[in-house]
Structures are given as C-alpha cells and as structure tokens.
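Participant: Mind looking over this structure? Questions follow.
2 protein chains.
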Amino acid sequence: MTPAETRTAGTTPAYAKGRQRREEIVTAAASVYADAGYHGASLRAIAKRVGISHATLIYYFPDREALLAAVLERRDEEDDARGFPREPVGIGGVRHLLALAAHNARHPGIVELYVRLAAEAITPEHPAHDYFTRHYRDARDYMHSAFSAMAEGGHLREGVDPRTAAVSFIALMDGLQVQWLTNPDAVDLVSPLRFFLQQVLTTSLDQALSRQS
Amino acid sequence: MTPAETRTAGTTPAYAKGRQRREEIVTAAASVYADAGYHGASLRAIAKRVGISHATLIYYFPDREALLAAVLERRDEEDDARGFPREPVGIGGVRHLLALAAHNARHPGIVELYVRLAAEAITPEHPAHDYFTRHYRDARDYMHSAFSAMAEGGHLREGVDPRTAAVSFIALMDGLQVQWLTNPDAVDLVSPLRFFLQQVLTTSLDQALSRQS
DNA sequence: CCTACCGATCGGTAGG
DNA sequence: CCTACCGATCGGTAGG
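Sequence lines, in order, name chains A and B.
One point on numbering: in full-length UniProt numbering, the residue at position 10 of the first sequence is 10, and numbering is uninterrupted.
One point on numbering: in full-length UniProt numbering, the residue at position 86 of the second sequence is 86, and numbering is uninterrupted.
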C-alpha cells in the first residue's frame with residue numbers, strides 16, 4: 001500500500017508531517033477565533049501563530065470557511081470523546097452537563113470560542129449557522145431525554161414540563177457563560193445550574209447525583 | 001439666546017437639522033451593528049444606509065468608537081424610558097422584565113444588536129466592554145432587589161437564595177435570546193422565564209403578578 | 001456635504 | 001513552503 005493509495009480525494013494529507021501541520025493550524029485558528037471571532041480573525045494572524053505564511057496556510061485549507069469547518073469538526077470530536085450525545089437517559093445526563101460546566105470553568109478559551117461563534121452565527125448566512133442550529137437542537141434533545149427519564153422515575157416536581165426544563169437549562173448554561181466571560185469574578189458557572197436543578201427535583205440534588213443510572 | 005450659545009463644547013449640534021442627521025446615523029448604525037456586529041460594520045455601509053458619504057458620517061462622529069458610544073447611549077435612554085433601573089422592589093421588577101421579554105419577542109433587531117455586541121465585548125479591550133460590565137451588574141442588582149423583597153414577603157420557596165436566583169434569571173433571559181435568534185421557531189422567549197419564576201415562588205405566578213407592588 | 005486620496009490590511013493567486 | 005503580487009475594502013484626512 002503506497003502512501004498515495006491512502007489519500008481520500010485530496011482531503012486527507014497523505015503524510016504524517018502534513019497531518020500534524022493541519023492540526024497545528026486548527027489549534028491556532030481556534031485560539032484566534034476565541035479572541036477575535038471568525039470575522040475578526042485574519043488568515044495572516046492565524047498563520048503567524050503557527051510560524052508560516054498565510055499563503056502556506058491556504059495550501060492546507062482551500063479558503064477561510066474550510067478552516068472554520070475544521071475547527072468545528074474538532075470541537076465535535078472532542079465533545080464526542082467526552083461522551084456528549086451518546087444515549088444519555090436520566091440523571092446521568094444532568095451529571096454530565098454539570099461536569100462539562102466545571103470543565104469549562106477551567107478552560108475559558110473554549111468557552112470564548114463557543115460564545116463568540118454562536119453570536120456571529122445567528123445570521124443564516126454565516127457559515128457556522130447550520131452547525132449551531134444542529135448543536136442547540138441536539139443539546140435540547142439531550143436534556144429533554146434526561147428530564148423525561150427523571151419525570152418517569154418520579155424525581156421531577158409536579159407541573160415541571162421536561163421540554164421547558166430542557167430549553168431553560170441549556171439557556172441558563174449559555175447565559176452564564178457570557179456573564180462569566182465578561183466578568184469572571186461576579187458569576188459562578190456551576191452553582192446556578194445546581195440551584196436550577198434543585199428547584200426542579202423532588203429530592204436533594206446531591207442524593208440524586210449519587211444514585212446510579 | 002443665539003444658537004451658538006446653546007452648543008456645549010461642540011458635542012451637541014447647534015441646529016435642529018444636524019441633530020436630526022445624527023439621529024438618522026445612530027439608527028442606521030444600530031441596524032448595521034445588529035446584522036454584522038461592531039467589528040463587521042463599516043462606516044461606508046452605515047453611511048450608505050443614511051444616503052451620505054462615509055466622510056460626511058465622520059464629520060458628525062469623530063471616529064468609529066464615538067458612533068458606538070452614541071448607539072449605546074440611546075439604548076440606555078430607551079431602557080430608562082421603559083423604566084428599567086428605577087427603584088424596582090418586589091414582584092414589580094419581575095413583571096417588568098417579563099414585559100421586556102415580550103417586547104423583545106416583537107423586536108428581534110434590538111435583541112440581535114444586544115447579543116452580538118455583548119459577545120464581542122467579552123474582551124476587555126473592546127470599546128463596549130465597560131458598558132456591558134455595568135449593564136450586567138445593574139441587571140443582577142435589579143433582580144436581586146426584586147427577589148429580596150419577595151423573600152421578605154414570604155413569597156420565595158425555602159432555600160432560594162435571592163442572589164443566585166437573580167444571576168440565574170438574567171442568564172436565562174440572555175441564553176434564550178441566542179437560541180431564539182438562531183432558530184426562532186424552536187424556542188419561546190417568555191414561557192421559560194415564567195416557568196423559572198413558578199419554580200421559585202411559593203404561590204401561583206399569575207396570582208403573584210396580579211397583586212400590586 | 002462632497003471627491004479624491006493616504007497607508008494599511010484583507011483573502012486569494014501565480015509562480016517557483 | 002516562500003515571495004510577490006492582485007483587486008477590494010478599511011478608517012481617516014485634505015481640501016474645498
């Protein structure tokens with residue numbers, strides 16, 4: 001099997017060095033997007049961070065949008081590796097999103113990338129618009145299934161609609177991130193989530209979290 | 001009193017025509033910011049919307065930042081006119097923010113301006129950073145005082161901390177706006193707020209809202 | 001209120 | 001992987 005045979009229509013670099021270069025570029029792009037947004041990030045600024053010319057960057061990614069797509073693709077892979085959209089069910093989904101919030105609190109750069117791109121991508125014309133439409137739908141569905149399972153187990157207070165609780169929980173996470181990034185000392189990323197869950201549960205949150213399933 | 005005497009250090013135009021022109025420019029700027037963000041909005045694009053050259057726009061506002069400041073100033077005036085940070089106390093504050101959310105649902109352009117600028121202004125270097133730091137602090141304080149008064153009146157469930165409830169309520173409003181703008185049909189801007197309040201209150205929300213003060 | 005211009009920067013291409 | 005360049009666009013200024 002020659003290296004040339006492993007190439008898939010020119011999208012995947014055949015050699016390890018090239019693949020590594022691509023990874024370096026994606027890392028640099030993510031951090032520049034976090035600081036300046038997608039529209040505010042120039043190919044030259046990203047290339048400089050890697051130590052190459054912007055023309056070389058374009059050799060690896062045909063245009064700006066392809067680079068953005070690669071950054072979003074990696075984010076999905078990382079979320080998958082963290083076990084995000086894999087058959088949640090029940091309190092496990094809640095436990096997972098609380099862990100994610102705690103993880104985010106130690107990685108402001110990732111949160112900043114996410115918040116800035118989401119705000120830019122409101123416009124349907126933005127190249128990441130479909131990505132965020134899908135992302136929010138998946139996040140709502142994930143929490144919906146978690147709250148539904150909890151409702152069936154009798155752990156949800158009377159009158160709590162799983163769908164509304166799911167939308168609210170995701171919105172709460174996102175809104176906290178903006179306030180926290182703007183003024184990190186004034187807001188905590190996790191405790192309001194625990195507060196919200198406690199209001200919605202019939203039992204103590206800590207008790208619920210320590211149960212299996 | 002001659003027109004020249006009414007001028008205050010060159011900041012306020014002396015003649016009605018100039019004042020009107022400034023208002024036209026601020027309106028156009030707000031709508032371009034909503035579509036493209038502050039960084040993505042060019043003076044030429046704003047000027048074109050007004051029907052003047054970009055050089056003429058610069059005659060009215062010395063530079064880009066001065067125009068942004070004027071847009072934010074008007075937003076504050078409009079919020080003041082809607083009675084935002086004026087001595088809230090109690091359920092009245094809640095009623096007011098629910099009305100604001102309903103108002104926002106009919107004016108997506110204003111919401112988009114707010115969400116886009118807030119995300120850009122996360123960076124301390126952004127010219128609107130201090131504005132949003134203040135805005136969030138004021139919003140939290142407003143709801144804190146509302147929830148505190150409700151707690152004193154015995155209308156809050158046991159274990160509900162007014163400060164945490166305030167942060168959460170503001171975050172919930174902001175997070176809903178992003179989801180709603182990205183996909184208007186999938187999310188409602190008001191009902192999750194009512195849901196949140198219902199979880200936190202000892203009595204029915206509708207009952208509480210119909211009481212005075 | 002305009003045209004005409006400035007120096008800088010952008011994404012992308014040519015050619016090697 | 002580079003230099004050198006392209007056409008376009010940016011904020012701001014000059015001069016009227």
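Ideal placement from N, C-alpha and C gives every residue a C-beta, glycine not left out.
Tell me whether the beta-carbon of D35(B) lies closer than 9 Å to the beta-carbon of T123(A).
Facilitator: yes
Participant: Given that Q199(B) touches chain A, what residues does it touch there, using C-beta distances under 7 Å?
Facilitator: Q199, V200
Participant: Please determine, among Q179(B), A30(B), P62(B), G51(B), the residue with the shortest C-alpha to C-alpha distance to R134(A).
Facilitator: Q179(B)
Participant: Which value, in whole angstroms, describes the spacing of the CA atoms of H144(A) and F169(B)?
Facilitator: 20 Å
Participant: Are the stretch 151 to 167 of chain B and the stretch 109 to 125 of chain A in contact at 8 Å, needing three or more beta carbon pairs?
Facilitator: no
Participant: Could you please tell me which residues of the stretch 117 to 130 of chain B, in chain order, have their CB closer than 8 Å to any CB of chain A?
Facilitator: A118, A119, E120, A121, I122, T123, H129
Participant: Specify, as a first and last residue, the run of the alpha helix (DSSP H) that F196(B) falls within.
Facilitator: 191 to 200
Participant: For A16(A), which residues of its own chain have a beta-carbon under 8 Å away from its beta-carbon, when the five flanking residues on both sides are left out?
Facilitator: none
Participant: At a cut of 8 Å, does the stretch 27 to 44 of chain A reach the stretch 58 to 71 of chain A through at least three beta carbon pairs?
Facilitator: yes
Participant: Give the straight-line distance between the Cα atoms of R7(A) and H129(A), rounded to the nearest whole angstrom.
Facilitator: For R7(A), the pLDDT reaches just 39, beneath the cut-off of 50, and the residue's location in the model is therefore unreliable, leaving the point undetermined.
Participant: For A121(B), which residues in the same chain have their Cβ closer than 6 Å to its Cβ, ignoring the five residues on either side in sequence?
Facilitator: Cβ neighbours of A121(B) beyond the five flanking positions: A128, H129, F132.
Participant: Using a C-beta to C-beta distance shorter than 8 Å, which residues of chain A count as neighbours of L100(B)?
Facilitator: In chain order: nothing, as chain A lies at least about 15 Å away.
Participant: Please report the residue range of the alpha helix (DSSP H) in which D141(B) lies.
Facilitator: 129 to 152
Participant: Apart from the five residues just before and just after V32(A), which ones in its own chain have a Cβ nearer than 6 Å to its Cβ?
Facilitator: Counting only Cβ-Cβ distances below 6 Å, and skipping sequence neighbours, we find A41, A45, I46.
Participant: Opposite L156(B) in the DSSP bridges: which residues?
Facilitator: L201(B)
Participant: Suppose contacts are defined by Cβ-Cβ distances below 9 Å. Is R82(A) in contact with L209(A) by that definition?
Facilitator: No, the Cβ-Cβ distance between R82(A) and L209(A) is not below 9 Å.
Participant: Taking 9 Å as the threshold (beta carbon to beta carbon), is P162(A) in contact with chain B?
Facilitator: For P162(A), the nearest beta carbon of chain B is not closer than 9 Å to its own beta carbon.
Participant: Short of 9 Å Cβ to Cβ, which residues in the UniProt domain "HTH tetR-type" (19 to 79) of chain B face chain A?
Facilitator: D35, A36, G37, H39, G40
Participant: Please state whether DSSP places I122(B) in a helix, a strand or coil.
Facilitator: Residue state, collapsed to three classes: coil.
Participant: Could you work out which residue in L67(A), L189(A), Q199(A) is closest to Q177(A) when comparing CA atoms only?
Facilitator: L189(A)
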